[in-house]
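Numbering (this note's numbering), first residue to last: 24 to 626. We put the CB at the ideal spot given by N, CA and C, even for glycine.
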Ligand SMILES: Cc1ncc(C[n+]2csc(CCOP(=O)(O)OP(=O)(O)O)c2C)c(N)n1
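Here's what the structure looks like:
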C-alpha cells in the first residue's frame, strides 16, 4: 500500500472494502492492532509485509529491515519486553534462523503482544525447501493462526495480538505463497493503539536461567491447554454443515479449494492446526460417516486426529508435497471415491513449456562465474540470484545448501583435505551480512586455504531489490549508515583482499587465480550494482557486426538473455545478434569475443 493510500485509510469513517494481497492484509492487521515496531529480513513470499508497513506513518510504526530473521525476531521480542506490540516477518526458512530466539522466548511469554508472520512456500516457487511451519509451532508450543484469504489475514493478525497478550505467548500467523500474493477484497478497520505497558521487572519471567526455565516449562504446557479450550469455543473454528456421508477437515488456503470442489460436503475449517480443538474435531467426526483431512504439506492435522483414536484419511489420497489447487483436491477426492475423476481435457493437464530462469542481461554476477569456470574451481555456492550459476551455460557452482552456508561449506571442504581444485565460496552482499560473517571468522580462525568471492551488487536482488546495511539506505529509502565490506573482512583477520570491477573479466580471472594460490583465506569483492537497481550503470548497447562474427558462441556461454541468433543468414550462416533493448552495455560479450566484432552501437 502506498503512503497516501495508508493515510486515506486513517481518515475513513465508513467501513470500506479494498483489494489487498494477503501480505498487505497482514501488514494492515498489524497496523490496526497498534503495532509500534516491525522488523523482518526479506524472503519470498513474505517480503511485502514489511514493504507494505513502510507505507504507514513512520511516527506510528517503526518498520525496518534487520540483518537476518533472528535479529528481526530479537528486535520484536525487545519491543514486546518494553510493553509495545511488535511484529517480526519472515519466510518459512527464516524461522530456522530465528529458531533459537523463538524456542526460548516461548518460555518467557510477552508483555506487549508479539506476532511472528511466517509465509510458507508449498510447491517451492522460490525457496530451497517446503518445510511446514506448523511442525515448528508444535515444537515451540506457539499457537498458529492460518488465514484462508486476505480478509482473514487481516482479522487473524489483529486478533493474534489479543491472543498473544491474553495467553502470554507469541502467536504465529502462517500464510502460504498463494495467500501472500493473491489479492481479494478486504474490509479494513481503524488503528487502535493499546496503552504502552511498563517493563515487567521480573527475572523469573524474563531471564532464561535453568531454574527459571524449569519453572516456566509447565506454564507453557498449561498455556497450550488454555489455548486449546479457546479454539474449541472460538468462532474462528468454522463448521459448515452439509452432507452427512463424509466430512472434510481442512485449514488455510485449502478451504476455498474444498468449497469449490465439494460445495455440499460437511467441512470443519480449523483456524489453528495447533493447538487442535480436539472436542470440536471429535464432534465433527461423529457427525459424518467418513472423514478426510485436506491439508497442504505434512499430515499434521491428520496425525493429531489419528492420535485421538479417530479414524481419518488424508495423505493416502492427497500429496504430501507441492501446492494444492482445486484440481489437486478434486483428484484426491476422486481417488477416495468421493468425486468424479477429473476429465483428461481438464485445465490442469495443460503444461506450460519449461523456461529455465537466467541471470539478467548485464548481471554483474556473470563475470565472476565465467572466471570460476576458467579457474576450474570447486565452488560452494550460496542463495541469491547468483545460485542460477549452477545451471548451464555458466554452470560453475557445485553445492548450495541455504543462506550463509557457502563459506562454512568451503571451510569443511578444505578441512576434508581431499580436494585438488582451488576451493571457492561465493556469497552475495545481503547474504554475507545475513549469515556470512561468522563463517568468515571461522575460516580465518581455522586458517584454511579458501577464496571467498563476495558478489556485491549493492542490493538484495533475489527478493526484489531490498536495501540492507551495505546499501546505505533503509526500508523507507532514507540514508542510513553503510557498512564497509573491506573493513569487515580486515577486522576479522583477512590479510589478502582485492576489489574488482564485476565487468572486468580479465581482471576477475587474474585476481581469482592469484587468490587461489594464496595460502590462507583470500577475499575477492566483485563490485557493480545490480542492473535492476535504480542506480544501475547503463553503457551504450552493443551490436554484432555480422561480417566479422564466426558464430563461435563464446559470447553465448555468458547465458545473457540479450544474446540470440540472427533470424536472417549472412554468408550462408546464422550469426549472433544482440537485442539492443535488453542489452545494458556491460561489455562482457565484447570482452570474450575472439573476432572483435561486438562493438557499441553508434549513438
Ligand atoms: C533464511 C532465508 N532468508 C531469506 C531467504 C530469501 N533470500 C534468498 S537469497 C536472499 C538474499 C539475496 O541477496 P544477495 O545475497 O545480496 O544476492 P543477490 O540476489 O542480490 O544476487 C534472500 C533474502 C532465504 N532463502 N533464506
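Secondary structure of residue 196 (DSSP, three-state): strand. The alpha-carbon of residue 604 is positioned some 21 Å away from that of residue 390. In the structure shown, residue 269 falls within a strand segment according to DSSP collapsed to helix, strand and coil. One alpha carbon belongs to residue 66, the other to residue 494, and they sit about 18 Å apart. Contact check for residue 381 against residue 433 fails: the beta carbons are separated by 9 Å or more. Here the distance from the Cβ of residue 116 to the nearest heavy atom of ligand 1 is below 8 Å. Residues of the same chain with a CB within less than 6 Å of the CB of residue 392, apart from the 5 flanking positions on each side, are 412, 417, 419 in chain order. Excluding the 5 residues flanking it on each side, residue 212 has same chain C-beta neighbours closer than 7 Å at 55, in chain order. Beta-bridge partners assigned by DSSP to residue 44: 206. Taking the C-beta atoms as reference points, residue 94 is found no nearer than 9 Å to residue 193.
DSSP places residue 586 inside the beta strand (DSSP E), whose first and last residues are 586-593. Within a 10 Å sphere around the beta-carbon of residue 588 sit fewer than 16 other beta-carbons, which makes this residue exposed. Within the region 544-581, the complete beta strand (DSSP E) segments of 3 residues or longer fall at 544-550, 565-567, listed in chain order.
With a cutoff of 8 Å, residue 451 counts as near ligand 1, since its C-beta is closer than that to a heavy atom of the ligand. DSSP places residue 274 in the strand class (E or B) of the three-state scheme.
If the five residues before and after residue 596 are omitted, its C-beta is found closer than 7 Å to the C-beta atoms of 574, all from its own chain and listed in chain order. In the displayed model, residue 142 falls within a strand according to three-state DSSP.
In this structure residue 42 touches residue 207 by the C-beta definition: roughly 7 Å separates them, less than 8 Å. Between residue 87 and residue 127 a beta carbon distance of about 23 Å is seen, past the 8 Å cut, so the two are scored as non-contacting.
Taking residue 205 as reference, the option from 234, 579, 225, 170 with the minimal CA-CA separation is 170. Residue 424 has its Cβ no nearer than 8 Å to any heavy atom of ligand 1. In the DSSP assignment, residue 158 falls outside any beta strand (DSSP E) and within the unbroken alpha helix (DSSP H) covering 156-163. Using a cutoff of 8 Å, the CB of residue 64 counts as near ligand 1, since one of the ligand's heavy atoms is closer than that. Between ligand 1 and the CB of residue 604, the shortest heavy atom gap is not smaller than 8 Å. Residue 240 and residue 394 have their C-alpha atoms spaced approximately 54 Å apart. The residue among 82, 546, 129, 414 with its C-alpha nearest the C-alpha of residue 246 is 129. For residue 358, the CB contacts under 7 Å within the same chain, skipping 5 residues up- and downstream, are 340 in chain order.
Straight through space, the alpha carbons of residue 399 and residue 436 are spaced by roughly 15 Å.
The Cβ atoms of residue 384 and residue 583 sit closer than 9 Å to each other.
Distances taken from the Cβ of residue 393 to the heavy atoms of ligand 1 include none shorter than 8 Å. Residue 142 sits away from residue 89, with the two beta carbons spaced by 9 Å or more. For residue 131, the enclosing alpha helix (DSSP H) stretches over residues 115-131. Under the three-state reduction of DSSP output, residue 212 falls in the coil class, being neither helix nor strand. When only Cα atoms are considered, residue 119 and residue 60 end up about 22 Å apart. When the Cα atoms are used, residue 509 and residue 516 turn out to be separated by approximately 11 Å.
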